[in-house]
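Trainee: Dropping the structure in here first, questions after.
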Amino acid sequence: MEYISTRNIAATACSSAQAIIAGIAPDGGLYVPKNFPAYDLAKLKDNDYLGLAKDIFGLYLSDFNKQQIEAIVKAAYPESAFGRDIAPVQKVGDFYLLELFHGPTAAFKDMALQALPHLLTTSMALTGQKDDVVILVATSGDTGKAALEGFCDVEHCSIIVFYPADGVSEIQEKQMLTTGGQNTTIIAVNGNFDDCQTAVKQVFADQQLATKMANHNLSFSSANSINFGRLLPQIVYYFDAYRQLCLKHNLPLGEAIDVAVPTGNFGNILAAFYAKQMGLPIANLICASNSNDVLADAISTGLYNRKRPFYQTGSPSMDILVSSNFERFLYEIYGRDAAATANAMQKLNSEGQFTIEAETCQKMQALIYGGKADDQQAAVTIKDIFAKHNYVLDPHTAVGYYVAQQYQAETAAKRPLVLASTASPYKFANTVLKALDIDCQGLNGSEQLQLLAQKTVTNIPNSLAKINNLPQRVKTIINKEEIAATVAKVLELK
Ligand SMILES: *Cc1c(COP(=O)(O)O)cnc(C)c1O
Numbered sequence: 320m321e322y323i324s325t326r327n328i329a330a331t332a333c334s335s336a337q338a339i340i341a342g343i344a345p346d347g348g349l350y351v352p353k354n355f356p357a358y359d360l361a362k363l364k365d366n367d368y369l370g371l372a373k374d375i376f377g378l379y380l381s382d383f384n385k386q387q388i389e390a391i392v393k394a395a396y397p398e399s400a401f402g403r404d405i406a407p408v409q410k411v412g413d414f415y416l417l418e419l420f421h422g423p424t425a426a427f428k429d430m431a432l433q434a435l436p437h438l439l440t441t442s443m444a445l446t447g448q449k450d451d452v453v454i455l456v457a458t459s460g461d462t463g464k465a466a467l468e469g470f471c472d473v474e475h476c477s478i479i480v481f482y483p484a485d486g487v488s489e490i491q492e493k494q495m496l497t498t499g500g501q502n503t504t505i506i507a508v509n510g511n512f513d514d515c516q517t518a519v520k521q522v523f524a525d526q527q528l529a530t531k532m533a534n535h536n537l538s539f540s541s542a543n544s545i546n547f548g549r550l551l552p553q554i555v556y557y558f559d560a561y562r563q564l565c566l567k568h569n570l571p572l573g574e575a576i577d578v579a580v581p582t583g584n585f586g587n588i589l590a591a592f593y594a595k596q597m598g599l600p601i602a603n604l605i606c607a608s609n610s611n612d613v614l615a616d617a618i619s620t621g622l623y624n625r626k627r628p629f630y631q632t633g634s635p636s637m638d639i640l641v642s643s644n645f646e647r648f649l650y651e652i653y654g655r656d657a658a659a660t661a662n663a664m665q666k667l668n669s670e671g672q673f674t675i676e677a678e679t680c681q682k683m684q685a686l687i688y689g690g691k692a693d694d695q696q697a698a699v700t701i702k703d704i705f706a707k708h709n710y711v712l713d714p715h716t717a718v719g720y721y722v723a724q725q726y727q728a729e730t731a732a733k734r735p736l737v738l739a740s741t742a743s744p745y746k747f748a749n750t751v752l753k754a755l756d757i758d759c760q761g762l763n764g765s766e767q768l769q770l771l772a773q774k775t776v777t778n779i780p781n782s783l784a785k786i787n788n789l790p791q792r793v794k795t796i797i798n799k800e801e802i803a804a805t806v807a808k809v810l811e812l813k
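Structure, rendered in structure tokens:
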């Protein structure tokens, strides 16, 4: 399988190993597979998660051999880290919740970020890359910790994480600042997630810095979901969810489902779209936004306009106005027209907005439904679902749940609906407690965890239970203008 850039009209291709190492294409576009390989649904029934991961990785990573793929999958998803089912499906109310938070950091980012370091180091071996890799991450909270966990003490890799100083939950920050490892750096930035992401993108494009890096035998890569190595592992769990529906919930093989995803950078929902392109019978994708509703609006009107207020919400991992992976989706709905994609992205950059033409917009709307839920609506959903079904939703999943209900009410769709459940509610204990009308004033993070466990009679995930006993680093705060200089300092570049 070859990989091409969403913006490269000449379509110079590279291998999967090269695409994973580079993260972003030289023309600023994103790497996409040259075509979508088909996956035979008949193979689902005798498979399990690891088997599916091997099959699907194999289809996309044709430059990796079988042993390499087996080793990556085995190292990424040990039962000790994810439990036996890895990503179990639970019926809650009308929906099938695909629980993606059983990994080491209690958010769905683990599904990809436990695999990415292995994909990357194998890619380096395959291409004979001699440089050590420096992973730069901009995070709205969950990616940072998941990437730190994944890359912690991985040989020939180091990782620097930037997060918005006031834009993550107390527990998210604590998770990051209690990371071990000799090769990990964590820095808070005055600004929001988009400021962090934009600054990190500029560092990637900084030629002067690149030259210095090369002189020190270092090169940058990305663990953000612009990296194809992040997307690939996410395709797997949509197939696995479908397998579980067939096996445990009497879904006839081949029957269509809908998939709803609480969305920020559009990586998770894009993976569902890729699964559909490979033959998974998904009828509609439901893209759920919080009050940062740029995607909901873009899908319903065709106008993507990032010039709008930025809100800090109770679902911080979705507080995003420039949704990077939407570019990959756009590329597909434009019929893989790189010039049209590049043009739209250039407009977004220079004017802050672009319009999807009527015909393409209709094509998009036939594939995807966009909706939104504000903090209040998410809170009511958390309370309602707990009261009715004794199940505790995290605030992101609650946004998804609300929008999925809205979608079914508006369209009268009755297909089985899989909702990606993206985090443990314990990661956002404060927001969840408030939604449940449980008084938690004056309690610190770990007291909130205890209270949530006690009141809902559920268990604190192990990884969160232990963070209080871990040594915590001092918080370093910089301004966004200082990101490039900080990178140079951390890497001791001269
Ligand atoms: C990252 C994240 C999202 C958004 O996922 P994208 O792939 O960025 O759209 C939703 N919920 C949680 C809990 C997350 O960590």
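Read in order, the letters of the sequence shown correspond to residues 320 to 813 in this note's numbering.
We put the CB at the ideal spot given by N, CA and C, even for glycine.
Once you ignore the five residues that flank K428 on each side, which residues in its own chain have a CB closer than 6 Å to its CB?
Mentor: So the qualifying residues of the chain are D461, T462 and A465.
Trainee: Using DSSP's beta-bridge definition, name the partner residues of P352.
Mentor: Bridge partners of P352: Y322.
Trainee: Where does N536 fall in DSSP's three states?
Mentor: Coil, per DSSP.
Trainee: Looking at C-beta atoms only, is the number of pairs between the segment 423 to 439 and the segment 748 to 766 that lie closer than 8 Å three or more?
Mentor: Verdict: no, contact absent.
Trainee: Would you report the Cα separation of T497 and Q791, rounded to the nearest angstrom?
Mentor: Distance between the alpha carbons of T497 and Q791 is about 5 Å.
Trainee: Determine the direct distance from the alpha carbon of A697 to that of Q553, and round the result to whole angstroms.
Mentor: Between Q553 and A697, the C-alpha separation is close to 25 Å.
Trainee: Indicate the three-state DSSP secondary structure (helix, strand or coil) for L371 in the structure shown.
Mentor: Three-state DSSP puts L371 in a helix.
Trainee: In angstroms, rounded to a whole number, what distance separates the CA positions of Y653 and T424?
Mentor: Between Y653 and T424, the C-alpha separation is close to 36 Å.
Trainee: Tell me the rounded alpha-carbon separation between A784 and S381.
Mentor: The straight-line gap from Cα to Cα measures roughly 41 Å.
Trainee: Please identify the residue among I576, F547, G548 and L551 whose C-alpha is closest to the C-alpha of Y561.
Mentor: Nearest option by C-alpha distance: I576.
Trainee: Taking E321 as the reference, give the member of Y350, I343, D559 and F673 with the closest Cα.
Mentor: Considering only alpha carbons, the answer is Y350.
Trainee: For the segment 622 to 636 against the segment 602 to 610, are there 3 or more C-beta pairs whose distance is under 8 Å?
Mentor: With the cut-off at 8 Å, the segment 622 to 636 and the segment 602 to 610 touch.
Trainee: Could you give the distance in angstroms between the alpha-carbon of I675 and the alpha-carbon of I605?
Mentor: Whole-angstrom Cα-Cα distance: 19 Å.
Trainee: Beta-carbon separation of M737 and V508 under 9 Å?
Mentor: It should be noted that the sequence gives Val, not Met, for residue 737. Contact: no.
Trainee: Pairs of beta-carbons, one from the segment 683 to 697 and one from the segment 390 to 400, closer than 8 Å: are there three or more?
Mentor: No, they do not touch.
Trainee: Give the DSSP-derived three-state secondary structure of P581 in the structure shown.
Mentor: In the structure shown, P581 sits in a strand (DSSP, three-state: E or B).
Trainee: What are the complete alpha helix (DSSP H) segments, minimum 4 residues, inside the segment 609 to 656?
Mentor: Qualifying alpha helix (DSSP H) stretches, in chain order: 613 to 620 and 645 to 652.
Trainee: Quick check on the DSSP output: what are the complete alpha helix (DSSP H) runs of length 4 or more inside the segment 708 to 760, in order along the chain?
Mentor: Counting only runs of 4 or more, we get 714 to 730 and 748 to 754.
Trainee: Identify every residue that forms a DSSP beta bridge with P483.
Mentor: DSSP output for P483 lists V508 as bridge partner(s).
Trainee: I'd like to confirm something about P581: is its beta-carbon nearer than 8 Å to some heavy atom of ligand 1, or not?
Mentor: Yes, Cβ of P581 sits closer than 8 Å to a heavy atom of ligand 1.
Trainee: Let me check understanding here. Comparing Cα to Cα, which of P571, G412 and A484 lies closest to A361?
Mentor: Of P571, G412 and A484, the residue nearest in Cα terms is P571.
Trainee: If you draw a straight line from the C-alpha of Y557 to the C-alpha of A594, how long is it?
Mentor: The straight-line gap from Cα to Cα measures roughly 7 Å.
Trainee: Could you check if F318 belongs to the surroundings of ligand 1, using beta carbon to heavy atom distance under 8 Å?
Mentor: Nothing can be reported for residue 318: it is not among the residues displayed for the chain, which extend from 320 to 813.
Trainee: Please tell me whether Y623 and F592 are closer than 9 Å, where the distance is taken between their beta carbons.
Mentor: No, they are not a contact pair.
Trainee: Examine ligand 1 and report whether any of its heavy atoms sits within less than 8 Å of the Cβ of F585.
Mentor: F585 Cβ: within cutoff of ligand 1.
Trainee: Using DSSP bridges, identify the partner residues of C333.
Mentor: BP columns for C333 point to Y322.
Trainee: For Y688, which beta-bridge partners are listed by DSSP?
Mentor: Partner(s): I605.
Trainee: Over what stretch of residues does the alpha helix (DSSP H) that includes L789 continue unbroken?
Mentor: Looking at the DSSP string, L789 is not in any alpha helix (DSSP H), and its letter there is neither H nor E.
Trainee: Taking the CB atoms as reference points, tell me whether A742 and T700 lie closer together than 9 Å.
Mentor: No, the Cβ-Cβ distance between A742 and T700 is not below 9 Å.
Trainee: Measure how close the beta-carbons of S459 and V487 come, nearest whole angstrom, since I'm counting them as under 8 Å.
Mentor: So it is a contact: roughly 7 Å between Cβ atoms.
Trainee: Expressed to the nearest angstrom, what Euclidean distance is found between the alpha-carbon atoms of G573 and A579?
Mentor: Rounded to the nearest angstrom, the two C-alpha atoms are 19 Å apart.
Trainee: Is N511 near ligand 1, in the sense that its beta carbon is under 8 Å from a heavy atom of that ligand?
Mentor: No, ligand 1 has no heavy atom inside 8 Å of this Cβ.
Trainee: Quick one: Cα of I375 to Cα of T446, how far?
Mentor: C-alpha separation (whole angstroms): 21 Å.
Trainee: Between which two residues does the alpha helix (DSSP H) containing N587 stretch?
Mentor: Per DSSP, N587 belongs to the alpha helix (DSSP H) from G586 to Q596.
Trainee: Should N781 be labelled buried (16 or more other beta-carbon atoms within 10 Å of its own) or exposed?
Mentor: Exposed is the call here.
Trainee: Any heavy atom of ligand 1 closer than 8 Å to the Cβ of K691?
Mentor: Flag unset: Cβ of K691 not near ligand 1.
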